[in-house]
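J.:
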Amino acid sequence: MFSELITLSALITAVLAGPIPTPKAGDVITGQYIVVMMEDITAPNFQAHRDFVVNKLGFVSKRDTVEAMAESTFTHTFNLGKLKGYSGRFDDATIEEIASRPEVAYVEADKIMTTQALVTQSNVPSWGLARISHRNQGLTTFVYDSSAGAGTFAYVVDTGVLTTHTQFDGRAEVGYNAISGESNADGNGHGTHVAATIAGSTVGVAKLASVIGVKVLNASGSGATSGIIAGINWLVSDAQGKSRIGRAVANMSLGGSYSASLNNAVAAAVSSGIPFIVAAGNSNANAANFSPASTFSAITVGATDGTDARASYSNFGSNLDVFAPGSSITSAWIGSNLSRNTISGTSMASPHVCGLAAYLMAYEGLKSPSAVINRIIELSTADVVTNPGSGSSNRLVYNGSRQ
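Residues -17 to -1, 1 to 386 (mature numbering (1 follows the signal peptide of the UniProt record, and there is no 0)) make up the sequence shown, in order.
See below:
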């Protein structure tokens, strides 16, 4: 799967290995690319490659250092375990030469990823919390252990978070902003909604978990794949630097067409010890064709409605690990520190599972991504989702409160 690359030009097609799917119209950022290096490249050789690219573009002069020019050439640099690379803006001739270099594993067109929320509805009570704490539908109480995710940290890779919202009780903070020209604030609302579903004091699953906003999508709900990878790079470094591995989880309620570099970035972050929960996508199609939904090591979440049916929009397939409530979910919103909104999408399903991951890490002492995903699947209720879709795992998340 990771060998599937985006075509850049006829010449580049010849130097890239593997089948090359055609990206959806409109999602490619013209002239902007992600370059991934061979896994065994050394730091000096990586720097030498970057110096080569800068000199190739002819930007270096007597007055300008390589480092200064690199800032105008490269948009982001990634160092995520085995995934090392960068993104930047290059003309056709330059990117063709970059792709042909032996130290380069592959080159991918940078693309737009978007939030995975749907129609805004009237402000009605949310049912998702009750559903994940009971085996059967129709009940209205949310049952959970009082540990409630205390001591865990949820990185929300999204549009930002309104950290002052009353749902967070001071447990939310700004972490990273990849959006040039926008403040750290959530100008969309999506990220705040997601974060509060994870850890809100009344609308959240893990009510005592801390939230860190990783802003990679703009006020319109879209952002470059390269910026998303940069956000992942930052959160791994932050979690490692603050000794949060084993207590940190990440949510990505976003997606777009298949991206090998994004999938590899998520996989590298999971390998570092951070469970990633990702939305399956809202195209009523096979999740294998979307990223990050197609990342095998992430927990990919489909959406259900209040009748336990797969939501009509939810993606499906063998990449999907579990289902969670995603239709008509009420959570925090922007506008004021008391605002709420009710929206639908796999974006709303994913944070139910992210909150559950944080809850189980605190309650049961789970430390590794594999332990988290195995426990979530073990606890889930089997064969209750109607029309799960071809190849889907028919499992609905459950927090184990009645066991």
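C-beta atoms are modelled at their ideal positions from N, C-alpha and C, and glycine is treated no differently.
Treat the numbers as computed from the prediction; the structure is a model and nothing was measured.
1. Thinking C-alpha only, which one of L237, N267, I195 is nearest D221?
2. Assuming contact is defined by CB atoms lying nearer than 8 Å, are G143 and N324 in contact in what I supplied?
3. Which residues in the same chain have their Cβ closer than 7 Å to the Cβ of P275, if we skip the five residues on either side of it in sequence?
4. Using the Cα positions of S384 and T124, report the straight-line distance between them to the nearest angstrom.
5. What is the rounded straight-line gap between the Cα of E22 and the Cα of D74?
6. Strictly by DSSP, which residues pair up with F61?
7. Taking all protein chains shown into account, decide if N38 is buried (16 or more other Cβ within 10 angstroms of its Cβ) or exposed.
8. So I359 and A340 are supposed to be a Cβ contact under 8 Å. How far apart are they, rounded?
9. DSSP state of V157, grouped into three classes?
10. How is the beta strand (DSSP E) around E91 delimited, first residue to last?
11. Can you round the beta-carbon distance between G111 and P308 to whole angstroms, since I take them to be within the 8 Å contact cut?
12. According to DSSP, is V219 helix, strand or coil?
13. Check for me: the beta strand (DSSP E) holding P308 runs from which residue to which?
14. In chain order, what residues of the same chain have a beta carbon less than 6 Å from the beta carbon of K190, not counting five sequence neighbours either side?
15. Distance check for I115 and V379, CA to CA, integer angstroms please.
16. When DSSP builds the beta bridges, which residues end up paired with D141?
17. Using 7 Å as the cut-off, classify the Cβ of N357 as near or not near the heavy atoms of the ligand ZN, replying yes or no.
18. For D366, which residues in the same chain have their Cβ closer than 7 Å to its Cβ, ignoring the five residues on either side in sequence?
19. Give the DSSP-derived three-state secondary structure of S240 in the structure shown.
20. Cutting at 6 Å between CB atoms, please list the residues of its own chain near A192, excluding the five before and the five after it.
21. Measuring CB atoms only, is the region 146 to 159 touching the region 297 to 305, in the sense that at least three cross pairs come out at less than 8 Å?
22. Could you say which of L66, F259, A207 lies nearest to V139 if we only look at CA atoms?
23. Contact defined as beta carbons within less than 8 Å: I believe S311 pairs with S327. What is the distance between those atoms, to the nearest angstrom?
24. Counting C-beta neighbours from all protein chains within 10 Å, is the total for D93 16 or more, i.e. buried, or is it exposed?
25. Report the CB separation of G214 from V199 in whole angstroms; it is logged as a contact under 8 Å.
26. Is the beta carbon of D291 closer than 8 Å to that of Q120?
27. Taking 7 Å as the limit between beta carbons, can you name the residues of its chain near R227, skipping five residues before and five after?
28. Could you tell me the distance, in whole angstroms, from the CA atom of V49 to the CA atom of T56?
29. With F259 as the anchor, note down where its beta strand (DSSP E) starts and where it stops.
30. For residue 387 versus F279, is the C-beta spacing smaller than 8 Å?
31. Return the chain-ordered ranges of every alpha helix (DSSP H) run that is complete within the region 275 to 358 and spans a minimum of 4 residues.
32. P334: which of V188, S319, V19 sits nearest, CA to CA?
33. Using three-state DSSP, classify F29 as helix, strand or coil.
34. Since S109 and V186 should fall inside the 8 Å C-beta cutoff, what is the C-beta to C-beta distance between them, to a whole number of angstroms?
T.: Straight from the coordinates:
1. I195
2. no
3. M235, G238, L245, N246, V249, V261, A281
4. 11 Å
5. 25 Å
6. G68
7. exposed
8. 7 Å
9. strand
10. 87 to 98
11. 3 Å
12. helix
13. 305 to 308
14. A131, S184
15. According to the sequence provided, residue 379 is Leu. The question's Val does not apply to it. If you take the alpha carbons of L379 and I115, they lie about 8 Å apart.
16. K198
17. With respect to small molecules bound, the structure shown includes none, and the ligand ZN cannot be examined in it.
18. N377
19. strand
20. G132, T135, A137, A182, A341
21. no
22. F259
23. 6 Å
24. buried
25. 4 Å
26. yes
27. F136
28. Note that V49 has pLDDT 48, beneath the 50 cutoff, so the model's placement of it is unreliable and no number is given.
29. 259 to 262
30. Lying before the first or after the last residue shown, residue 387 is absent from the chain, which here runs from -17 to 386.
31. 329 to 347
32. V188
33. helix
34. 6 Å
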